[in-house]
Structures are given as C-alpha cells and as structure tokens.
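First comes the structure, then the notes that go with it.
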Amino acid sequence: MKLSRFARVIVDRAIQRELDYAIPEVLADRVSIGSRVRVPFRDRSALATVVALVDETSASGIREIEAVIGEGPTLSPTLLELARWISTYYCCPIETVMRSLLPQVIRRAQVGWKKQQFVQVSSSVSADTLATIRRRAPRQAELLDELSKLATPAPVAEILARLSLNSSTLRALVRRGFAKLHEAAVPRDPHGDEQFVTSPELTLNEEQYAALAKIVSAITSPEKAKPILLQGVTGSGKTEIYLQSIRETLARGRTAIVLVPEISLTPQTVERFKSRFAESQDSVAVLHSHLSEGERHDEWHKVHSGRARIVIGARSAVFAPLKNLGLIVVDEEHETSYKQEEAPRYHARDVAVVRAKLEKCVVLLGSATPSLESYHNTLTAKYELATLTQRVDNCQMPRIRIIDLRQEKRSDRAGTILSEKLRTATAERLEKHEQTILFLNRRGFSTSLVCSNCGRARDCPNCSVALTFHRSILRLSCHLCGHSAAVPKKCPECGEDALIYSGFGTEKVEATVGHVFPKAVVKRMDADSMTRKEAYRETLRAFRAGKIDILVGTQMIAKGLHFPNVTLVGIINADLALHLPDFRAGERTFQLLTQVAGRAGRGETPGEVLVQSYTPFSPSIQFARHHDFAGYVEQELEFRERCDFPPFKHAVLITVRSVHEARGKFSAETLTRRLREALPEEFTVSDATPAPLEKLHGQFRFHILLRGSAILRLSRLIREVLDKLPLPEDVTAAVDVDPYQLL
Ligand code: ADP
Ligand code: ZN
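In structure tokens:
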C-alpha cells in the first residue's frame with residue numbers, strides 16, 4: 014500500500030479553512046481519512062479530523078501531526094460527505110458541523126474506558142499442589158481453589174469481597190506464579206441492570222401488512238427505493254412496523270437507526286426495542302442527552318466497533334457511526350424538536366433522508382400528522398406513501414368536542430380553566446375510576462403580573478416578554494433567559510398597591526383542579542415539576558398504576574404514551590399556538606390537537622376529548638375535530654402556495670443581533686441591501702424588521718426572511734455576501750435555513 018505524505022485536516026477551531034500537515038513515519042499506517050488527530054496549531058495544540066490524504070501540498074511551513082487519537086478512523090467517508098452537505102445546505106462552517114457529528118466525549122477524548130482488574134489462574138492446579146499450599150497458607154489455598162473453578166477471569170474486587178480476603182493474599186499468589194492479573198474495560202450500560210424478555214412478533218393486520226410489504230420491497234432493493242412516509246393514526250401500530258422492518262434489515266446483515274423525539278425517548282419506548290431484540294441485548298445502543306459522559310462514551314464505542322446493530326436515539330443519533338446501514342426510521346417525523354436551534358441548524362429528518370441516499374439505505378418516516386413538507390413530497394412522487402387508517406384492535410377514534418369559551422359564563426373564576434362541560438366530564442371519570450389528562454402548553458402559575466393602576470406588566474429586563482409567576486417558588490421568572498426576580502409588594506413603576514395576577518399556566522390548572530375536586534389525586538408534569546431525573550419515570554409509573562386520577566401537563570405528556578384507562582383528555586386552551594406570528598401556527602395546532610387527542614381511549618372504553626377554545630371555528634381546530642388530515646392538508650397547502658411558503662418555496666431566516674439597537678438595525682439594513690444586490694431575481698429578500706421577539710437575552714434582534722427554490726444556491730450566495738460584509742464586533746448574524754422558529 015502506498016502511503017501518503019500529507020493529511021488535510023479540519024481543525025476544531027472556527028477558521029473556515031482546511032490545513033495540511035505532514036504525516037510522520039511512525040504514524041503513517043495509523044492516519045487515514047476520518048482519523049482524529051492532534052496537531053500543532055498556532056502556538057499550541059489542537060484536535061482535528063483528517064478529511065483527505067494527499068501526496069503534494071502547496072502550503073508552506075508544513076508541520077507534523079503530533080498524535081493519532083483512538084484506534085481506526087472515527088468517521089466514515091460517508092459521514093464526512095454528509096458533514097460537507099450539511100455545511101453547504103445549512104450555510105454553516107464545517108468545523109461547527111463537526112462539533113455535532115461527534116459527541117464531545119469522543120471528540121475531546123477526555124473520558125476513557127472504565128477499567129477493572131481481573132484475575133485468573135496461571136495454569137490448572139492439581140489437588141496435590143493445593144494441599145501443599147493449604148498447610149502453610151490456608152487463605153491462599155482458599156483463593157486459588159476458588160479461582161480454579163472460574164470459567165472466565167473474575168473482577169478482583171468482587172472475588173476478594175466474596176471470600177472476605179484482602180489483597181495481600183492475592184498478591185502472594187501472583188508472586189508465586191499461581192495467578193495472574195490483567196486490566197480490562199467494563200462497559201457502562203445505562204440499561205445494564207435491566208432484564209428484557211423477548212417480545213414476540215405480532216401478527217399484522219391487513220393495512221400493516223401492506224405497509225410492511227412496501228418497506229420490505231425497498232429493503233430488498235434499496236438503491237432504487239424512495240423515502241417512505243408511513244402515515245398512521247395514533248395507535249395504528251406504526252411501532253410494530255418499525256420493529257419488523259428492523260428485523261428484515263438485520264436479516265440482510267445490515268444495521269438500523271431509529272430516531273425519536275427526545276421527549277418520547279421514554280423508558281417505555283426503549284423497552285419496546287430492547288425486548289424485541291432481547292436475544293442479544295448488546296445489539297441495541299441508546300443515545301440520548303441523559304446519559305453520563307461515561308455511558309455515552311461506551312454506547313458510542315459499542316456502535317462504532319460494530320457490536321451494536323440498532324441505535325435508538327434523539328436528533329443527533331442520525332450521525333451514529335453504524336457500518337452497513339440498511340434502514341433509518343424517523344418516528345414522529347413532524348416533530349419540531351428534530352430541528353437543532355443552534356448552529357449547525359440542521360433538521361434530523363432531512364439529514365436522515367440525505368444520509369440514506371449516500372448510504373444507499375432505506376429511510377422510513379412515520380407520523381400520525383406528517384409535516385406538510387413530507388406529505389407534499391408524496392404528492393410530487395418524491396416519497397412513497399403508506400397509510401394506516403385504523404387503530405389496532407378496532408379501537409374507536411376518540412370523540413372530539415369543541416367548547417366555545419366565549420359562551421362560558423365569566424362570573425365563575427374557575428370557568429376559563431375548567432368550563433362547565435369539562436368539569437362535569439372530569440367528575441364522571443372520577444366516579445367511574447377512569448383517568449383524565451388535562452393539557453396546557455404553558456408553565457407557571459400566572460403568566461403576568463400587571464399593575465391595575467398604571468397598566469404596566471413586570472417584564473424581563475433582558476427579553477421582551479412578561480415574567481411568569483411561579484407559586485411553588487414564590488418568584489417571577491423569565492421562560493426565555495431564566496432571569497428570576499422577587500415578587501414586588503407594590504408596583505415599582507407607580508408605587509401603588511395595585512398588582513394583579515393574570516393569565517394562567519399548568520401550576521394554576523393544578524391548583525384549580527385540586528380545589529374543584531378535593532378528593533382526586535392530581536399531579537403535574539412539566540419542566541418545573543420534573544427537574545429530578547427520576548421524577549418523570551416515577552410519575553408515569555404511578556399514573557399507569559392508577560395512583561393518579563388527573564394528570565396536568567405540557568407537551569411532555571402529549572407524545573407517545575399509552576394509558577388504557579385514560580378516557581378523557583381536556584385541552585385547556587387550544588388557541589395558544591394559533592396566535593403566534595408563524596406560518597406554521599395552524600399546522601402546529603392541528604398536530605398538537607391530534608396528538609393529544611390520541612392519548613384518549615386506547616383501551617376498551619372509547620375516549621373523549623374536550624377542546625376549549627376562543628376561536629372554535631378556525632380550520633385547524635375543526636379539521637382536527639373530524640380527524641380529517643386530508644381536508645386539513647388541502648386547505649393548508651393552498652394557503653402556503655398562495656403565499657410562497659414552504660413546502661412550495663424554501664425559506665431562510667437571518668437574525669441580526671446586537672446589544673445596541675441602532676447598530677443592529679443598521680447592520681440588518683446594510684445586509685438586506687447587499688443581499689438584494691447579490692441575489693438574482695428568483696430569490697426574494699424581505700425588509701429587515703424587528704423580530705416578533707424583539708429583545709432576547711439582552712440583545713436586540715432583527716429579521717430578514719429570504720425565499721427561493723434553489724436552496725443550495727441560495728445558501729452559497731448568502732455565505733458569500735456574509736463573508737464579504739464586515740459586521741461591527743458587537744453585531745452577529747445567524748443564518749437559519751428551513752427555519753422552524755420565527756420568533
Ligand atoms: P403507534 O406507534 O401507531 O401509535 P403502536 O405501534 O404503539 O401504535 O401500537 C399500539 C398498540 O397496539 C401497542 O400496544 C402494540 O403492541 C399493539 N399492536 C400493534 N400492532 C398490533 C397487531 N398487529 N396486533 C395486535 N396488537 C398490535
Ligand atoms: Zn428573559
């Protein structure tokens with residue numbers, strides 16, 4: 014094999030350039046594409062990734078690679094290619110992309126394996142020898158006897174503890190040559206202490222069978238396969254199809270990734286996958302944000318070394334270093350949490366589709382309420398569609414009723430939280446010992462503290478939002494930047510003792526419900542009440558066991574949970590998302606209502622959903638009520654096309670930020686002008702406007718919205734304009750391609 018002399022690397026620093034380094038002879042056979050290396054950079058060392066090997070370089074003053082990190086290449090050529098695509102598409106420096114591609118523990122190589130001392134006998138011990146030793150050193154004999162019975166080397170600490178011996182006994186045996194020690198890595202498996210019982214494959218119903226057939230045909234000839242969108246109502250058995258598709262993939266010697274939103278990566282979900290493939294527990298790796306650094310290190314290596322053949326994880330698991338990838342499943346593909354809200358601002362579903370193309374593998378997107386982007390792709394035949402219209406076991410879809418809050422009598426304080434109808438329905442459930450879920454996508458007790466004299470609200474000093482009152486901690490807090498303040502006795506603006514609380518969040522819903530139903534067990538589940546790692550699990554377990562009558566919560570309870578005894582779901586305020594200045598507001602409301610409604614009636618008893626709203630006739634509420642996805646999509650697509658919004662045009666949002674309002678505004682306007690000069694007619698550039706959320710974390714924000722069809726070209730042109738425009742030091746510009754956050 015011919016060895017190259019130079020390695021081209023991407024240093025983990027924002028320099029937007031690739032650098033060449035010489036490969037010293039001693040490292041020659043260890044440096045390859047995808048290797049992680051340490052190189053001299055400026056006057057110190059830096060870590061870097063090798064992206065190419067070359068024989069010649071035009072650079073001068075070439076320095077040598079200092080060391081190679083880890084064994085074998087860390088990144089495959091395909092993942093490197095994927096990184097380049099993300100960098101171009103999302104208009105983001107490649108170094109930043111690299112940061113997301115590898116977990117920090119692997120990138121920085123700070124955490125290693127957990128090592129343990131193991132002991133075994135040096136050679137078989139005869140009864141005579143043992144007897145001889147026993148006469149002079151009975152404890153050594155006892156230990157040697159025990160060791161000679163072992164089938165595999167045993168951890169030293171464990172065996173000494175078991176026999177109540179100390180290490181000097183062992184040292185003596187080692188010194189005399191009867192036993193030998195070695196060090197080995199022991200895996201930190203986040204699920205190592207759990208036992209999983211193999212769950213049998215279920216017999217599919219006709220619809221499921223037809224869907225699986227499509228997927229299997231794709232798995233059989235992946236090079237011709239299009240991405241498949243599996244649209245199945247909640248409870249239609251999509252997960253069973255994922256499981257069987259994975260089985261088919263493994264049977265062909267290939268591997269699989271399953272992406273789920275972080276929020277639904279519950280123990281319940283993991284267990285379903287772990288138990289289906291329980292015959293080799295090691296084969297399933299789990300990657301999510303709650304792993305310890307050590308666990309993450311070990312799970313990653315389990316994947317990289319090829320021991321794990323299935324990866325289940327949240328967004329960044331799309332980069333799992335599996336070899337011979339055969340299938341990527343994206344569950345709840347419409348979920349906005351797949352979009353990363355910091356650079357690189359990638360969307361894991363879209364990255365999955367691109368990775369699948371590069372790896373020549375199948376990608377399966379599943380949802381009850383597909384995103385308009387994916388659904389539109391089935392209409393234009395870019396994706397293939399498979400549908401499940403029935404719940405398994407013929408469970409009925411829940412009946413959805415809309416409650417017009419405008420009609421509710423205001424005289425009653427509890428009225429806007431619990432309407433008469435919702436109150437009666439909840440009381441009925443309590444009587445029958447059935448469970449109720451109450452949903453409100455807003456935390457806290459009161460959403461603002463307003464002065465009834467001067468009319469001013471207590472706003473966050475850093476952000477343009479009102480502070481939320483949290484009764485449990487008796488403080489005001491900002492949900493955007495975390496700023497926290499004491500509750501003033503009098504209005505700090507006008508000095509009057511006239512402060513009133515208004516608006517409500519989950520904390521107040523919990524209090525009101527507890528007040529109305531004093532005998533019921535009420536529990537709240539949101540980011541405030543679930544701060545302990547175990548709280549989430551415990552609450553779900555108690556709810557499943559029927560120890561909680563009413564569960565109040567935010568979107569944390571909206572996804573993927575099965576509770577057969579829940580027969581009533583109340584949506585306290587369906588309008589929250591609708592009034593956001595975002596073209597996806599309607600889509601989100603429809604998805605949320607449908608998903609939350611899907612929590613009702615998953616058992617024998619049919620479920621009921623009560624939706625409280627001040628705008629009961631808005632299309633997304635009405636279509637959700639009739640479980641009419643097709644109808645909803647038709648009118649929504651018409652609206653999007655009329656306004657040149659996605660999925661018909663791509664959007665790019667540039668946010669210009671500065672602590673100085675005037676400088677931010679000026680830079681945004683200059684940038685807008687430059688963009689208009691540089692971009693051809695086919696792209697539109699909006700005026701620079703103050704963002705709907707004008708101030709955040711103490712910075713003023715301005716938006717420029719661009720639209721066009723040729724997105725790769727648009728991204729490249731934006732990068733060129735930005736590179737040529739020197740921004741003042743205290744001004745930054747962030748580019749978000751296919752944005753989901755328009756605030
Ligand atoms: P979804 O992911 O579409 O919400 P699930 O896959 O979670 O639906 O299925 C809902 C329930 O139905 C699960 O308890 C699952 O085990 C069960 N189930 C799925 N498919 C079948 C089948 N073919 N026969 C019997 N039960 C099934
Ligand atoms: Zn704030």
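When we follow this note's numbering, the leftmost residue of the sequence shown carries the number 14, and every step to the right adds one. Each residue gets a CB set at the ideal place from its N, CA and C atoms; glycine is no exception. Given the structure is predicted, the values throughout are model-derived calculations rather than measurements.
Here the C-alpha atom of Asp141 lies approximately 13 Å from the C-alpha atom of Arg149.
Between Gly559 and Thr439, the beta carbon gap of about 16 Å keeps them out of contact (Cβ cut-off 8 Å). Between Leu719 and Leu727, the CB-CB gap stays under 8 Å. Of all alpha-carbon atoms in Leu217, Ile341, Ala356 and Ala548, the one lying nearest the alpha-carbon of Leu401 is that of Leu217. DSSP, read as helix, strand or coil, puts Ser380 in strand. Taken atom to atom, the span from the alpha-carbon of Lys287 to that of Arg322 is near 12 Å. Counting of Cβ neighbours within 10 angstroms places Pro240 among the buried residues, the total reaching 16 or more.
Only residues of its own chain outside the window of five on either side were considered, and among them Pro357, Arg358, Tyr359 and Val750 have a CB closer than 6 Å to the CB of Tyr103, listed in chain order. For Gly721, the enclosing beta strand (DSSP E) starts and ends at Gln712 to Gly721. With respect to the C-alpha of Val343, the residue from Phe630, Ile28 and Glu275 having the closest C-alpha is Glu275. A Cβ-Cβ contact shorter than 8 Å links Asp33 with Phe19. Residue Val672 holds the alpha-carbon nearest to the alpha-carbon of Lys708 among Val672, Leu684, Gly85 and Arg362. Placement of the Cβ of Leu489 at a distance of 7 Å or more from every heavy atom of ligand 2 is found.
Only residues of its own chain outside the window of five on either side were considered, and among them Val343, Glu346, Tyr351 and Leu378 have a CB closer than 7 Å to the CB of Arg362, listed in chain order. Comparing alpha-carbon positions, the option among Glu441, Thr87 and Arg120 lying closest to Val579 turns out to be Glu441.
By the neighbour-count definition (other C-beta atoms within 10 Å, threshold 16), Ala643 is an exposed residue. Within 7 Å of the C-beta of Asn475 there is at least one heavy atom belonging to ligand 2. The beta carbon of Tyr645 sits closer than 6 Å to the beta carbons of Phe603 and Phe636 from its chain, once the five residues preceding and following it are set aside; these are given in chain order. With 16 or more other Cβ atoms from the protein chains shown falling within 10 Å of its own Cβ, Tyr396 counts as buried. Ranked by Cα distance from Ser212, the options Val364, Lys227, Glu284 and Val229 are led by Glu284. Distance from the CA of Arg320 to the CA of Pro168, rounded to the nearest whole angstrom, comes to 22 Å. Approximately 11 Å separates the beta-carbon atoms of Leu143 and Leu156; this is outside 8 Å, ruling out the contact.
Cys656 is classed as exposed because its beta carbon has fewer than 16 other beta carbons within 10 Å across all chains shown. Under the three-pair Cβ rule at 8 Å, the segment 509 to 526 counts as touching the segment 458 to 471. For Ser490, the enclosing beta strand (DSSP E) stretches over residues Arg488 to Ser490. Partner residues in the beta bridge of Leu581, as assigned by DSSP, are Thr449 and Glu621. In this structure Asp541 is in contact with His483, their Cβ atoms being roughly 7 Å apart against a cut-off of 8 Å. Using a 10 angstroms sphere on the CB of Ala27, the tally of other CB atoms stays under 16, which defines it as exposed. Of Gly721, Asp406 and Thr145, the smallest CA-CA separation from Glu695 is found for Gly721.
Counting C-beta atoms within 10 angstroms of its own C-beta, Asn407 has fewer than 16 neighbours from the protein chains shown and is therefore classed as exposed.
In terms of Cα proximity to Ser432, the closest of Leu418, Lys445 and Ser139 is Leu418. When rounded, the separation of the alpha-carbon atoms in Asp595 and Leu756 is 8 Å.
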